[in-house]
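In what follows, a structure is listed as structure tokens, so that the remarks can point back to it.
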Amino acid sequence: TAESLVNQLRSSSSSEEAQKEAVCELRLLAKWGDEQRISIAQAGAVPYLLDHLYSPDAKLQENAVTALLNLSIYAPNREVIMSSHGALDAIVHCLTAGRSLEAKQNAAAAIFSLLVVENYRPIVGDRPEVIRALLDLIRLGNPKCKKDALKALF
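End of the sequence shown = 1185 in the working numbering, gap-free, step of one.
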């Protein structure tokens, strides 16, 4: 369940491998509908997922940003994400310095999802590094990257 996975992330005694597994499971769970997305957010996963956006482990970072992207599909979770301390900084870090192209792409898609909320547009728009990183994805990315970056820009 979401609660037990978040408890694994919360526990200081969890091994690095257990943390990676919990983030991966949350990513998969968040794909399966709003009910799961609600339970993950209510269990308190967002701050722990945001922390993992700074991970030097490419797969862990990718799973964390993708879980956040999946959570943001459910509209009320966008506020949960944006009201979490350091959320935008963490997502922007993943967009600009992501360890893999997929992590950067999913950070761009997460930004697009968050920008559906009009109040967040000026907050994100005030970050010039976001525009630069999205333009880099358009220049250097694969077709899916380009599409996600273009959607985030417009």
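The C-beta atom is built at its ideal place from N, Cα and C for all residues, glycine as well.
Length of the line joining the Cα atoms of residue i and residue j
{"i": "residue 1104", "j": "residue 1116", "result": "20 Å"}
{"i": "residue 1049", "j": "residue 1039", "result": "7 Å"}
{"i": "residue 1032", "j": "residue 1064", "result": "14 Å"}
{"i": "residue 1054", "j": "residue 1092", "result": "9 Å"}
{"i": "residue 1056", "j": "residue 1046", "result": "15 Å"}
{"i": "residue 1090", "j": "residue 1149", "result": "31 Å"}
{"i": "residue 1077", "j": "residue 1112", "result": "6 Å"}
{"i": "residue 1166", "j": "residue 1176", "result": "10 Å"}
{"i": "residue 1079", "j": "residue 1142", "result": "18 Å"}
{"i": "residue 1043", "j": "residue 1154", "result": "33 Å"}
{"i": "residue 1158", "j": "residue 1094", "result": "24 Å"}
{"i": "residue 1073", "j": "residue 1110", "result": "12 Å"}
Contact set for residue i: own chain, Cβ-Cβ below 7 Å, skip 5 residues either direction
{"i": "residue 1061", "result": "1067, 1068, 1071, 1098, 1101, 1102"}
Residue i, enclosing alpha helix (DSSP H) - first and last residue
{"i": "residue 1087", "result": "Run containing residue 1087: none; DSSP gives neither H nor E here."}
{"i": "residue 1143", "result": "1132 to 1145"}
{"i": "residue 1169", "result": "1159 to 1171"}
{"i": "residue 1034", "result": "1033 to 1041"}
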